[in-house]
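Shown next, in structure tokens, is the structure this report addresses.
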Amino acid sequence: MDTWAPQDRPELYQKPNDYAINVLVTAARHSQRWHDLELRMPTCLFDEFQNLVSVNQLPMLANFRAIFEDRPGDRKADIKWLLSPSVRRVSLQADLDSFANSVNWASLTYLCLHSAISSGMASEILVQCQQLEFCSISLLRFWTRHRPEDDIDIDNIYLPRLKYLMIDGDGVYQRMYLCNRIIAPELRDIFYYSHQPAFTRRPSFYSDGSSRSTSPEPQRNFQSPLSPLQTLLNRSKAVKQLSFNPRGVSDADIYQLLQAASSVETLFLDYHGWKTPPPSAPGDSFNLKLFLPPSLRTVPVDNVEGGSFDPSETLSQISPNDPILLPHLISLKAWGVHAMTDQTLLDFITSRMEGECTKHGCVPLKRVLMTFKRTRQMDIVPHVRKIEPDGEQLQLNLVYTPEPPPFAKETSGRFGLNVTPFGPDTTWPYPENYNVL
9 MDTWAPQDRP
19 ELYQKPNDYA
29 INVLVTAARH
39 SQRWHDLELR
49 MPTCLFDEFQ
59 NLVSVNQLPM
69 LANFRAIFED
79 RPGDRKADIK
89 WLLSPSVRRV
99 SLQADLDSFA
109 NSVNWASLTY
119 LCLHSAISSG
129 MASEILVQCQ
139 QLEFCSISLL
149 RFWTRHRPED
159 DIDIDNIYLP
169 RLKYLMIDGD
179 GVYQRMYLCN
189 RIIAPELRDI
199 FYYSHQPAFT
209 RRPSFYSDGS
219 SRSTSPEPQR
229 NFQSPLSPLQ
239 TLLNRSKAVK
249 QLSFNPRGVS
259 DADIYQLLQA
269 ASSVETLFLD
279 YHGWKTPPPS
289 APGDSFNLKL
299 FLPPSLRTVP
309 VDNVEGGSFD
319 PSETLSQISP
329 NDPILLPHLI
339 SLKAWGVHAM
349 TDQTLLDFIT
359 SRMEGECTKH
369 GCVPLKRVLM
379 TFKRTRQMDI
389 VPHVRKIEPD
399 GEQLQLNLVY
409 TPEPPPFAKE
419 TSGRFGLNVT
429 PFGPDTTWPY
439 PENYNVL
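Start counting at 1 in the sequence shown, then tack on 8, and there's your number in the working numbering.
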């Protein structure tokens, strides 16, 4: 039910009009049969709606979704309907004060909080949600260092049924406070989005495996933006699907993270992040060579179209003693890839397809889905099809930035010619036909 007041009639935010009230009165007559309820309205109008229906008149209400956006100075109305004993699924964009004390948290199996809250308040809520199976929380974006004296005294948050967790928000210490307390032995899917500022410079992974700082001065008390996620993975050993934004994170930090994710079967690298536009920094790129055995990570590659490729030569460099990251990986997805080369992708696919990979204890790859923020360097599909085992075919979907048209390439003989409504490769932008006479 969407009952927004017009933007040019601010008085309707203060006093709902008769038409809206009549609609709500009609809907309220059927409250005994409400099972799924979706609302989008100002809080003042919802307060009028709540006065028409008591909690006792909602015996079947199980799913409650609502977006409440208030103007400064608006009175906050308690969402009393969330106390209905049958409510199991809640998805809210609302001020925390309007529902913090009005929810039967212990009965919820599904919770999405789209308005950012502090990690302390998130902990207070989650510690009451013993039946929770699906959880999505947005944390406040504090750029200041977390102060221990602000913490609420909660030791552990035990969520025995939780299978899906999405955490969105910045501030390493805010997320660390929450992730350090969550114990979810049945957790299967983790979506973890942090939008780290691009100006932060981090240690880099070198070919000898060491980690060295790229900053001119030593970094003190540096904590990776992925540290909270790694802590969560160390406590949840059954995770099958992992999604995070690798922008601005060093190879060393990602390597340590993936070492704690050995059970993962689907990896989703989302450069676009959650609720943010695509990035523009060309230097931020996940290094797919981390998935290769160490002996393959430093092999020089040739990205020229049509370059030679010998899968047996590549596989011969894999040592049986080399550790393999994500040995159970069957699906790799990545959106917004910038600097990963096609040759590196081909090397990775090869190392996960041939029978040699089973000697390292890893399963064959089944799906690779990627979108690139660059043009194609080489066509790897024929190479992949050539080395596939009989009767099996890798699901391969690669989407590249289209090649620039010939008139935009400085090396093209057609450079400078226009594509106009009157035909391609023309230099004159006006419609003139000298053959009409």
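Backbone N, C-alpha and C define an ideal beta-carbon position, used for all residues, glycine too.
Problem - Contacting residues, own chain, Cβ-Cβ under 7 Å from Ser235 (five flanking each side not counted) - result: Val180, Met184
Problem - Beta-carbon proximity of Leu69 to Ser99, cut-off 8 Å - result: no
Exercise for the section: Take Ala268 and list the residues in its own chain whose beta-carbon comes closer than 6 Å to its own, dropping the five residues that flank it on each side. Expected result: Gln238, Leu241, Asn242
Exercise for the section: Flag this pair as yes or no: are the beta carbons of Leu333 and Leu250 separated by less than 8 Å? Expected result: no
Practice task
Mind checking which residues open and close the alpha helix (DSSP H) that includes His391?
Solution key: 389 to 395
Practice task
Specify, as a first and last residue, the run of the alpha helix (DSSP H) that Cys137 falls within.
Solution key: First-last for Cys137: undefined, no H or E at that position.
Handout entry: As assigned by DSSP and simplified to three states, the class of Ser146
Key = strand
Practice task
Can you tell me the Cβ-Cβ gap for Arg96 and Leu116, rounded? I've got them flagged as a contact below 8 Å.
Solution key: 6 Å
Handout entry: Cβ-Cβ distance between Lys84 and Val63 below 8 Å
Key = no
Handout entry: Helix, strand or coil at Gln403 [DSSP, three-state]
Key = strand
Practice task
Would you mind giving the Cβ-Cβ distance between Thr349 and Gln385, rounded to the nearest angstrom? I have them listed as a contact below 8 Å.
Solution key: 6 Å
Exercise for the section: Rounded to whole angstroms, what's the CA-CA distance from Tyr487 to Asp197? Just pull it up for me. Expected result: In the structure as shown, the chain starts at 9 and stops at 445, and residue 487 therefore has no counterpart that could be examined.
Problem - Complete runs of the beta strand (DSSP E) confined to the stretch 235 to 278 [at least 3 residues] - result: 249 to 252, 274 to 278
Practice task
Grab me the residues of Val135's own chain with a C-beta within less than 7 Å of its C-beta, minus the 5 sequence neighbours each way, in chain order.
Solution key: Ile162, Ile165
Practice task
Would you mind sorting Val345 into buried or exposed? The rule is 16 or more other CB atoms within 10 Å of its CB.
Solution key: buried
Handout entry: According to DSSP, residues forming a beta bridge with Ala74
Key = Leu47, Leu100
Problem - Those residues which DSSP pairs with Ser339 across a bridge - result: Thr274, Arg375
Exercise for the section: Classify Asp44 as buried or exposed, calling it buried when 16 or more other Cβ atoms lie within 10 Å of its own Cβ. Expected result: exposed
Handout entry: Option in Ile262, Arg48, Phe252, Lys341 with minimal Cα separation from Gln231
Key = Ile262
Exercise for the section: State buried or exposed for Val111, treating a residue as buried only when at least 16 other CB atoms are found within 10 Å of its CB. Expected result: buried
Practice task
May I ask you to list the residues that DSSP assigns as paired with Cys120?
Solution key: Ser99, Ser144
Handout entry: Nearest-angstrom Cα separation, counted from Ser144 out to Tyr279
Key = 19 Å
Handout entry: Close-in-space but distant-in-sequence residues of the same chain around Trp151 (CB under 6 Å, 5 per side omitted)
Key = Note that Trp151 scores 43 on pLDDT, short of 50, meaning its location in the model is unreliable; the coordinates nonetheless yield the value given after this. Answer for Trp151: no residue qualifies.
Practice task
With a 10 Å radius around its C-beta and 16 neighbouring C-beta atoms as the bar for buried, classify Pro50 as buried or exposed.
Solution key: buried
Exercise for the section: Have a look at the DSSP bridge pairing and note the partners of Gly197. Expected result: Looking at the sequence itself, residue 197 is Asp, so the reference to Gly does not match. Asp197 is bridged to Tyr172, Gln249.
Problem - For Asp103 and His391, the rounded distance between their alpha carbons - result: 54 Å
Exercise for the section: Could you round the C-beta distance between Leu337 and Leu275 to whole angstroms and report it? I think they count as a contact, below 8 Å. Expected result: 6 Å
Practice task
Would you identify the three-state DSSP class for Ile7, choosing helix, strand or coil?
Solution key: The shown model of the chain, from 9 to 445, leaves out residue 7, and the question about it has no answer.
Practice task
Just the C-alpha distance for Leu90 and Gln264, rounded to the nearest angstrom, thanks.
Solution key: 42 Å
Problem - Residue range of the unbroken alpha helix (DSSP H) whose run includes Ala36 - result: 26 to 36
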